[in-house]
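A.B. asks: Residue 0 is where the sequence shown starts when you use numbering that gives the first Met the number 0, and the numbers rise one by one after that.
We put the beta carbon where it would ideally sit given N, CA and C, even for glycine.
Since this is a predicted model, take the numbers as computed values, not measurements.
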Amino acid sequence: MDFKTSLAILWRWKGLFLAVLFAVLLGALAAVQFVSRQYEVKSVVFVTPSEVISSLIADMGLMNAAGVNLKTDWAPENIVQMAKLAPLVQRAVDLLQMRDSDGKAYLPKDIIKYRYGLAVLFPRPYLKVENTDDTQMFELTVYSADPDEAVMFADTMAEMLRVEMINLRIGLFEAAEKQTDERITKQLEQYQAILGEIRDFQLKKHSVKLEKEIEVAITKLDTLMTTRQDTLAAMASLTAKMGTMRKQFKSQTPEAVTGATLKDNSYVNMLRDQLTQLQIKQKGQEATLTASHPDMIALKRQIDDLSKNYAQALRLYGDTSSDLQSLQREYDADRAKLATVEGDIAEHQANMAKLPQKSADFGLLQLRQTAAGNVLTALLAAKDKLAAAKNVVLSDVRILQHARIDEWSKPERPKKATSLAIAGFVGLCLALFAVYVRELYDDTLRGPGDVAALGLPCLGRIPRLRPGRDRLVPDSPADAGFEAYRSLKNDLAHVLGRPGSLVVVLVSPEPGAGRTVTAANLALASARDGKKTVVVDADFRNPALAALFDLPDAPGLTAVLYGERPLADVIRVLPGTGLAVVPPGHLPAAPGALFASDRLAQVLAELRRDFEVIVCDAPALARGDDALALAALADATLVVARTGATSRPAVERLLARFRLAGARVAGLVRTLA
Numbered sequence: 000m001d002f003k004t005s006l007a008i009l010w011r012w013k014g015l016f017l018a019v020l021f022a023v024l025l026g027a028l029a030a031v032q033f034v035s036r037q038y039e040v041k042s043v044v045f046v047t048p049s050e051v052i053s054s055l056i057a058d059m060g061l062m063n064a065a066g067v068n069l070k071t072d073w074a075p076e077n078i079v080q081m082a083k084l085a086p087l088v089q090r091a092v093d094l095l096q097m098r099d100s101d102g103k104a105y106l107p108k109d110i111i112k113y114r115y116g117l118a119v120l121f122p123r124p125y126l127k128v129e130n131t132d133d134t135q136m137f138e139l140t141v142y143s144a145d146p147d148e149a150v151m152f153a154d155t156m157a158e159m160l161r162v163e164m165i166n167l168r169i170g171l172f173e174a175a176e177k178q179t180d181e182r183i184t185k186q187l188e189q190y191q192a193i194l195g196e197i198r199d200f201q202l203k204k205h206s207v208k209l210e211k212e213i214e215v216a217i218t219k220l221d222t223l224m225t226t227r228q229d230t231l232a233a234m235a236s237l238t239a240k241m242g243t244m245r246k247q248f249k250s251q252t253p254e255a256v257t258g259a260t261l262k263d264n265s266y267v268n269m270l271r272d273q274l275t276q277l278q279i280k281q282k283g284q285e286a287t288l289t290a291s292h293p294d295m296i297a298l299k300r301q302i303d304d305l306s307k308n309y310a311q312a313l314r315l316y317g318d319t320s321s322d323l324q325s326l327q328r329e330y331d332a333d334r335a336k337l338a339t340v341e342g343d344i345a346e347h348q349a350n351m352a353k354l355p356q357k358s359a360d361f362g363l364l365q366l367r368q369t370a371a372g373n374v375l376t377a378l379l380a381a382k383d384k385l386a387a388a389k390n391v392v393l394s395d396v397r398i399l400q401h402a403r404i405d406e407w408s409k410p411e412r413p414k415k416a417t418s419l420a421i422a423g424f425v426g427l428c429l430a431l432f433a434v435y436v437r438e439l440y441d442d443t444l445r446g447p448g449d450v451a452a453l454g455l456p457c458l459g460r461i462p463r464l465r466p467g468r469d470r471l472v473p474d475s476p477a478d479a480g481f482e483a484y485r486s487l488k489n490d491l492a493h494v495l496g497r498p499g500s501l502v503v504v505l506v507s508p509e510p511g512a513g514r515t516v517t518a519a520n521l522a523l524a525s526a527r528d529g530k531k532t533v534v535v536d537a538d539f540r541n542p543a544l545a546a547l548f549d550l551p552d553a554p555g556l557t558a559v560l561y562g563e564r565p566l567a568d569v570i571r572v573l574p575g576t577g578l579a580v581v582p583p584g585h586l587p588a589a590p591g592a593l594f595a596s597d598r599l600a601q602v603l604a605e606l607r608r609d610f611e612v613i614v615c616d617a618p619a620l621a622r623g624d625d626a627l628a629l630a631a632l633a634d635a636t637l638v639v640a641r642t643g644a645t646s647r648p649a650v651e652r653l654l655a656r657f658r659l660a661g662a663r664v665a666g667l668v669r670t671l672a
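(1) Got a sec? Which residues, its chain only, sit under 7 angstroms from G513 by beta carbon, not counting five neighbours each side?
(2) Please return the same chain residues whose Cβ sits closer than 7 angstroms to the Cβ of L15, not counting the five positions on each side in sequence.
(3) Relative to the C-alpha of P582, which residue among L632, A519 and G643 is closest?
(4) Measure from the alpha carbon of P551 to the alpha carbon of each residue in Q311, K282, V572 and A589, then state which is nearest.
(5) Taking 8 angstroms as the limit between beta carbons, can you name the residues of its chain near D93, skipping five residues before and five after?
(6) With a 10 Å radius around its C-beta and 16 neighbouring C-beta atoms as the bar for buried, classify A22 as buried or exposed.
(7) I believe D625 touches P590 by the beta-carbon criterion, under 8 angstroms. Please report the beta-carbon distance rounded to the nearest angstrom.
(8) Suppose contacts are defined by Cβ-Cβ distances below 8 angstroms. Is A157 in contact with S42 by that definition?
(9) Taking the beta strand (DSSP E) that R641 belongs to, which residues open and close that run?
(10) How is the alpha helix (DSSP H) around F481 delimited, first residue to last?
(11) Just the Cα atoms here: how many angstroms apart are A422 and D442?
(12) Going by other Cβ atoms of all chains shown within 10 Å of its Cβ, with 16 needed for buried, is F657 buried or exposed?
(13) Report back the beta-carbon spacing between V494 and P456 to the nearest angstrom; my notes put them in contact at under 8 angstroms.
(14) DSSP puts L550 in a beta bridge; with which residues?
(15) So for V502, helix, strand or coil by DSSP?
(16) Could you tell me the alpha carbon to alpha carbon distance between A371 and V162, rounded to whole angstroms?
(17) Tell me the rounded alpha-carbon separation between E181 and T47.
(18) In three-state terms, what does DSSP make of G591?
(19) Can we say the region 218-234 touches the region 291-310, given the rule of at least three CB pairs closer than 8 angstroms?
(20) Here's a check: name, in chain order, each residue in its chain whose Cβ is nearer than 6 angstroms to the Cβ of L556, leaving out the five neighbours to either side.
(21) So T238 and V340 are supposed to be a Cβ contact under 8 angstroms. How far apart are they, rounded?
(22) Residues in the same chain with beta-carbon distance under 6 angstroms from A660, minus the five sequence neighbours each way, listed in chain order, please.
(23) For L566 versus L599, is the C-beta spacing smaller than 8 angstroms?
(24) Is W12 buried or exposed, if buried means 16 or more other CB atoms sit within 10 Å of its CB?
(25) Taking P508 and T636 to be in contact with their CB atoms under 8 angstroms, please state how far apart those CB atoms are, rounded to whole angstroms.
(26) Any idea which residues DSSP pairs V612 with across the strands?
(27) Distance check for T230 and A290, CA to CA, integer angstroms please.
(28) Among residues of its own chain, excluding the 5 on either side of L458, which ones have a beta-carbon nearer than 8 angstroms to its beta-carbon?
(29) Just to check my reading of the structure: V298 and Q276 have Cβ atoms closer than 8 angstroms, yes? What is that Cβ distance to the nearest angstrom?
(30) Check the DSSP bridge columns for R98 and list the partner residues they point to.
(31) Beta strand (DSSP E) containing L139: first to last residue?
(32) Ignore the nearest five residues each way along the sequence and tell me which others in V678's own chain have a CB closer than 8 angstroms to its CB.
(33) Assuming T515 contacts L544 under a Cβ cut-off of 8 angstroms, what Cβ separation, rounded to an integer in Å, is found between them?
(34) Can you give me the Cβ contacts of D322 inside the same chain, cut-off strictly under 7 angstroms, excluding the 5 residues immediately before and after it?
(35) On the DSSP letters alone, give me the boundaries of the beta strand (DSSP E) that I461 sits inside.
(36) Whole angstroms is fine: what's the gap from K530's alpha carbon to D568's?
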């Protein structure tokens with residue numbers, strides 16, 4: 000539905016629209032005059048964000064102390080809900096002894112349930128709590144018919160909210176202090192336990208100062224390593240000496256072992272002495288005897304045998320040498336010393352291997368001691384801060400504005416302008432809804448589509464005409480009515496398409512459709528076109544054609560049908576138009592009997608001989624069946640329906656009746672009469 004169509008519908012039902020709109024406005028105006036007046040007062044409470052306690056409690060991990068969550072319980076929306084708690088409101092009601100007209104105390108649930116409509120219907124105090132633009136200011140607005148009651152109630156509620164918030168914060172401080180004391184006690188016990196662990200560690204590990212112990216261990220290990228090197232060097236020297244001596248003992252020649260003596264072995268000494276004497280003797284004989292001399296050969300053989308025995312004795316008894324044994328004892332002593340030193344080195348190395356773990360364990364204990372001490376210090380400092388902050392908590396919540404009302408103060412509710420604006424909006428909506436419903440259930444003919452749905456051609460749309468004789472359209476092409484009726488005449492001729500005289504009956508489902516005016520103007524259009532035309536007023540129940548043409552009261556069609564007058568005597572010709580008019584004449588008591596007579600057909604036959612176009616204005620179907628007989632004798636029946644007034648069912652019933660009577664329905668004309 001486009002905007003133009005919507006405006007057309009609104010204009011069509013403008014009467015209904017205006018009636019509903021003004022009814023709502025008048026009702027609102029009456030309500031404003033009679034409802035009880037209400038005064039409005041405000042108290043403003045300012046809640047300072049407690050940064051001290053918030054940061055302290057957050058830093059100490061006490062966010063849930065006493066069941067209070069700083070992020071939610073002190074949020075603006077929760078403070079608003081706190082101000083509307085039933086126990087808080089009930090205390091204010093009891094304190095001020097607020098009663099209704101029956102002497103009953105107001106219920107908190109009714110006071111905090113503020114609605115404008117409720118305030119109008121139930122005149123009692125109402126409380127509304129709002130947070131101002133997401134700030135820390137809270138407005139407590141009270142509406143009451145008694146201004147003094149409103150002021151006292153608003154101030155009392157503000158004071159109670161202030162006290163409640165202060166008590167909440169004091170309770171939070173106390174809970175935080177209690178939990179801090181508990182944590183200090185627990186932390187102190189933990190710190191003392193760590194000190195005990197450190198003492199036990201020092202006693203069990205024989206370590207008072209771990210750094211000194213590490214220094215001593217390194218020095219001792221260095222000394223042991225030096226001793227080990229010295230011992231190994233001494234043992235190497237002794238080994239070399241004993242090796243040289245053993246080599247001498249094992250030598251085959253006496254010359255090689257001269258330096259090696261076995262002073263304590265008599266056999267070896269004897270062999271050595273004999274060998275020495277033989278060697279001296281050989282030296283003496285070499286001067287006088289040759290080497291091949293038998294004595295020299297025998298002496299040499301004797302020396303060789305003795306040398307072999309001496310060497311064999313040295314090999315056999317060499318280890319029994321006192322010098323070699325002395326060296327061996329020194330070597331064994333050094334080896335035992337080396338074993339002892341190496342054992343000490345291994346032990347010290349094992350102890351030093353344990354020193355890093357020992358140092359780590361001791362460092363961890365010291366770290367735990369430091370951490371526990373820091374936490375304990377922080378808790379003690381926090382306790383001091385809580386004690387200091389508790390002294391200023393009373394200034395965190397204060398009343399910025401007390402409720403006030405002056406002598407010249409006017410009631411806040413109801414506001415006439417606001418009420419009328421709301422009523423205007425509601426009335427507008429209701430009026431539009433009424434128009435929509437009326438249009439939805441409207442079954443009247445509105446346009447060509449509605450006519451086409453009936454199976455009829457729409458032969459014309461007649462514009463709205465002025466009342467009285469001005470409803471007869473002038474002979475002027477510039478006039479909209481003139482063009483409309485000329486178009487209707489042409490369309491009707493085109494639909495019928497037959498030569499000779501033409502009898503057209505105009506009918507309508509109900510009176511007021513503009514049938515008589517349409518018949519008169521259609522006849523005028525035909526007469527102005529040069530055709531001999533007569534218009535017959537056959538509506539004996541509500542005749543109007545004679546008055547429309549301003550004809551005097553005289554015998555008419557009824558006199559002709561009764562046989563009292565010839566047809567020519569009752570025909571009136573309008574000057575200047577050439578249009579003939581047959582007025583109804585005196586109204587009969589039983590119009591239906593006249594239409595059922597054979598005389599009606601004779602009258603129409605006479606008119607056919609004298610005129611080319613005969614237009615008959617028949618009575619509405621709602622007033623009787625008179626038009627059925629007339630339509631059965633006509634060449635065409637033209638249905639006249641008023642746009643927006645004639646219903647589709649009424650036209651459908653008319654068509655069914657006329658078609659059953661044998662009438663030919665040529666089409667439908669829509670009027671705006």
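C.D. replies: According to the structure shown:
(1) Hits under 7 angstroms: I461, V639, R641, T670 and A672.
(2) Closer than 7 angstroms at the Cβ level, and outside the excluded window around L15, lie A433, V434 and R437.
(3) Comparing Cα positions, the closest option is A519.
(4) Comparing Cα positions, the closest option is V572.
(5) Correct list, in chain order: A104.
(6) That one is exposed.
(7) Indeed, because the Cβ distance is near 5 angstroms, the residues count as touching under 8 angstroms.
(8) With respect to S42, A157 sits close: the two C-beta atoms are nearer than 8 angstroms.
(9) A635 to R641 is the span of the beta strand (DSSP E), which, as asked, contains R641.
(10) Looking at the DSSP string, the run of the alpha helix (DSSP H) that includes F481 is A479 to L495.
(11) About 31 angstroms.
(12) Buried: at least 16 other Cβ atoms inside 10 Å.
(13) Correct: roughly 7 angstroms between the Cβ atoms.
(14) Answer is none; L550 lacks a bridge partner.
(15) Correct three-state label for V502: strand.
(16) Across the structure, A371 and V162 are spaced so that their CA atoms are roughly 39 angstroms apart.
(17) Their Cα atoms are separated by approximately 29 angstroms.
(18) G591 falls in the helix class under three-state DSSP.
(19) No, the region 218-234 is not in contact with the region 291-310.
(20) Excluding residues within five positions, the ones whose Cβ falls inside 6 angstroms are V581, P583 and G584.
(21) Taking 8 angstroms as the upper bound for CB-CB distance, T238 and V340 are not in contact here, some 18 angstroms apart.
(22) These residues qualify, in order along the chain: L627 and A631.
(23) Contact: no.
(24) Around the beta carbon of W12, a 10 Å sphere encloses 16 or more other beta carbons of the protein chains shown; the residue is thus reported as buried.
(25) 13 angstroms between Cβ atoms; not a contact.
(26) Paired residue(s): L501 and T532.
(27) Whole-angstrom Cα-Cα distance: 54 angstroms.
(28) Counting only Cβ-Cβ distances below 8 angstroms, and skipping sequence neighbours, we find L487, D490, L491, V494, L637, A665, G666, L667 and V668.
(29) This sequence places Leu at residue 298; Val is not what is there. So it is not a contact: roughly 11 angstroms between Cβ atoms.
(30) Beta-bridge pairing links R98 to A104.
(31) Its beta strand (DSSP E) spans residues M136 to S143.
(32) What the structure shows of the chain is the stretch from 0 to 672, and residue 678 is not part of that stretch, so it cannot be assessed.
(33) T515 to L544, Cβ: 6 angstroms. Contact.
(34) Taking C-beta separations shorter than 7 angstroms and ignoring five residues to either side along the sequence, the partners of D322 in its chain run M244, following chain order.
(35) First-last of the beta strand (DSSP E) with I461: C457 to I461.
(36) The straight-line gap from Cα to Cα measures roughly 21 angstroms.
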